[in-house]
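J.: Take the sequence shown: its letter number 311 is residue 1681 in this note's numbering, and every next letter is one higher.
Yeah, the Cβ is synthetic: ideal placement off N, Cα and C, and Gly gets one too.
On a predicted model such as this, the values are computed, not experimentally measured, just so you know.
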Amino acid sequence: MPCSFSSVLDEILMVEQILSEFRLKKEELKEIMQRMQCEMDRGLRLETHEEASVKMLPTYVCSTPEGSEVGDFLALDLGGTNFRVMLVKVGADEERSWKVETKNQMYSIPEDAMTGTAEMLFDYIAECMSDFLDKHHIKHMKLPLGFTFSFPVRHEDIDKGILLNWTKGFKASGAEGNNVVGLLRDAIKRRGDFEMDVVAMVNDTVATMISCYYEDRSCEVGMIVGTGCNACYMEEMRTVELVEGEEGRMCVNTEWGAFGGNGELEEFRLEYDRVVDETSINPGQQLYEKVISGKYMGELVRLVLMKLVNEDLLFDGEASELLKTRGSFEARYVSQVESDTGDRKQIYNILSSLGVLPSELDCDIVRLVCESVSTRSAHMCGAGLACVINIMRERRGQEALKITVGVDGSVYKLHPCFRDRFHKIVRDLTPHCDITFIQSEEGSGRGAALISAVACTDPEDTILAAFKLFDPNATGFVNKDEFKRLLMNQADKFTAEEVDQAFSLAPIDPTGNIDYKSLCYIITHGDEKEES
């Protein structure tokens, strides 16, 4: 007998009541922001860093690309079950504009390499590097290498970092507590068929930020929302107590996925979150990440569907064996369900593949579940980013902050609604900020290569290259007043006072032109070059 309208309405109301737990009020999001800021501050302070859930790891990335770096660089991007090797060419095109060209190849990491020993994992990576170099006929070249390594690392320098713990299903023994760059260098040395100069190791969020900075010089935040979830930003050096120095800024890798490890999210976690955590490979860890990232989104939906089945609100109270199986509802299904055009065919096909023959009402309820889980993900993630941006504004003493955020990751890129929901909540929670979002393309690899380019560049060569861009006839001279403005835009490593002092020493002819080769030497060495 067909269901009456009132019984259908009652069923939907009961479903809505269960799903209402996923809807976070603005006041709750502000409370989450306040707690995250507290943990971020604890992570920055030397005396509380170890016990903070948000570790705020210094990256030793203080400089950004200036548009004068040139050369060929290799990049590795390791952050999941696939990794990329990339050849990046940095230089000027025919119009003397700075450009970046890339060639890359994806490699899958076998399960035994992920869960075996560190030596097995890094030997496999070196084997893939060798294959890539052969294919591009560059094995004879000793290229600078930028390594994007998307796991929690305590940096001791830009090319030295200790792995704190594996995430994302990796368990390779002998890596935690060791220098990751050293493990890679050892693997390359064991092969002996090519040489490589590993000059920088960065997190994927940092690489994304730097890659997007190439497009927008206001980009000072990088974020990933994919298999995992994390963010980095340019923090004032005076607050980063783990590193000596008070001047300027350093990029800090928040590792905010671990937020909640000290109980900060306890009243916001639902029964489904607890099951996901208890059945994961790292119970009690990465709790914030587990309510946001794509790795867990599908399983959260499946658990809610099973709750509705058990409450006799879905599929006539009967679930297939496949739907009862952990991990059967994949993250991509969430995106596909929410992409359904309204005829329910896509939803029907997904559920049929899971052994369920749904009614139209069942399809509508499944869509409501997916929307509830993914919207909470967007709002939780938005609260984190809003916290970071508000901190940046407060630290800089600005009433209003104009900032660009570079974003990468499969959830952000591929989910049909996540991006818009995320943007809206971030802007709602940061009323005094003007925020631009840039979607990163090839950010992890390209960003690592650009950081390597900066690390390899001599300051004098950097400034000299900047001058030459504005001296097309190679006269060796530029106009002082015109170029002072250009120099300050190009060389943000130096203060205005330092440049003014250098200009006072620079050889200037009667027409106001500067001998810029002499000026470059003065800026980087502090005095005039002696004639030989």
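What residues in its chain sit with their C-beta under 8 Å from that of THR1429, if we drop five residues either side in the sequence?
T.: Correct list, in chain order: HIS1525, ILE1528, VAL1572, ASN1573, VAL1576, CYS1602, MET1620, CYS1621, VAL1622, ASN1623.
J.: Quick one: grab the DSSP three-state call for CYS1589.
T.: Of the three classes helix, strand and coil, the one that applies to CYS1589 here is strand, per DSSP.
J.: Less than 8 Å between the CB atoms is what I'm expecting for CYS1751 and ILE1662, so what's the real figure, rounded?
T.: Their Cβ separation, rounded to whole angstroms, is 5 Å, which keeps CYS1751 and ILE1662 in contact under 8 Å.
J.: In angstroms with no decimal places, state the Cα-to-Cα distance between GLU1741 and GLY1627.
T.: Roughly 22 Å separates the two Cα atoms.
J.: Nearest-angstrom Cα distance between GLU1381 and VAL1739?
T.: About 14 Å.
J.: Runs of 4 residues minimum, wholly inside the region 1540-1602: which ones carry the alpha helix (DSSP H) assignment?
T.: Segments of the alpha helix (DSSP H) lying fully in the region 1540-1602: 1550-1561, 1574-1583.
J.: Determine, using beta-carbon pairs with one atom in the region 1668-1676 and one in the region 1644-1651, whether at least three such pairs fall under 8 Å.
T.: They touch, by the three-pair rule.
J.: Could you tell me the alpha carbon to alpha carbon distance between CYS1803 and ALA1770, rounded to whole angstroms?
T.: Those two C-alpha atoms are separated by around 5 Å.
J.: Would you grab the beta carbon distance between VAL1568 and LEU1513 for me? Rounded to a whole angstrom, and I think it's under 8 Å.
T.: VAL1568 to LEU1513, Cβ: 10 Å. No contact.
J.: In the structure shown, what three-state DSSP assignment does LEU1457 receive?
T.: Reduced to three states, the DSSP call for LEU1457 is strand.
J.: For PHE1502, I'd like the list of residues in its chain whose CB is within less than 7 Å of its CB, leaving aside the five on either flank, ordered along the chain.
T.: Cβ neighbours of PHE1502 beyond the five flanking positions: VAL1455, GLN1475.
J.: Locate the alpha helix (DSSP H) running through ILE1759, then write down its first and last residues.
T.: 1730-1765 is the extent of the alpha helix (DSSP H) around ILE1759.
J.: Run through DSSP, which three-state label would ASP1828 get?
T.: At ASP1828, the pLDDT of 49 sits below 50, so the modelled position is not reliable and the matter cannot be decided from this model.
J.: Is it true that the region 1582-1591 meets the region 1548-1557, where meeting means three or more beta-carbon pairs spaced less than 8 Å apart?
T.: Output reads no: the region 1548-1557 does not touch the region 1582-1591.
J.: So, helix, strand or coil for ASP1713, using DSSP?
T.: In the structure shown, ASP1713 sits in coil (DSSP, three-state: anything other than H, G, I, E or B).
J.: Kindly indicate which three-state DSSP category LYS1505 falls into: helix, strand or coil?
T.: Residue state, collapsed to three classes: helix.
J.: Which term fits GLY1615, buried or exposed, when burial requires 16 or more other beta carbons within 10 angstroms of its beta carbon?
T.: Flag for GLY1615 reads exposed.
J.: Could you tell me the distance, in whole angstroms, from the CA atom of LYS1530 to the CA atom of GLY1712?
T.: Approximately 52 Å between the Cα atoms of the pair.
J.: Quick one: is GLN1387 buried, meaning 16 or more other Cβ sit within 10 Å of its Cβ, or exposed?
T.: With fewer than 16 other Cβ atoms within 10 Å, it is exposed.
J.: Could you round the C-beta distance between ILE1761 and MET1410 to whole angstroms and report it? I think they count as a contact, below 8 Å.
T.: About 7 Å; that satisfies the 8 Å criterion.
J.: In three-state terms, what does DSSP make of ASP1804?
T.: It is a strand residue.
J.: Does the region 1677-1694 come close enough to the region 1718-1731 to have 3 or more Cβ pairs within less than 8 Å?
T.: Contact holds: three or more Cβ-Cβ distances are below 8 Å.
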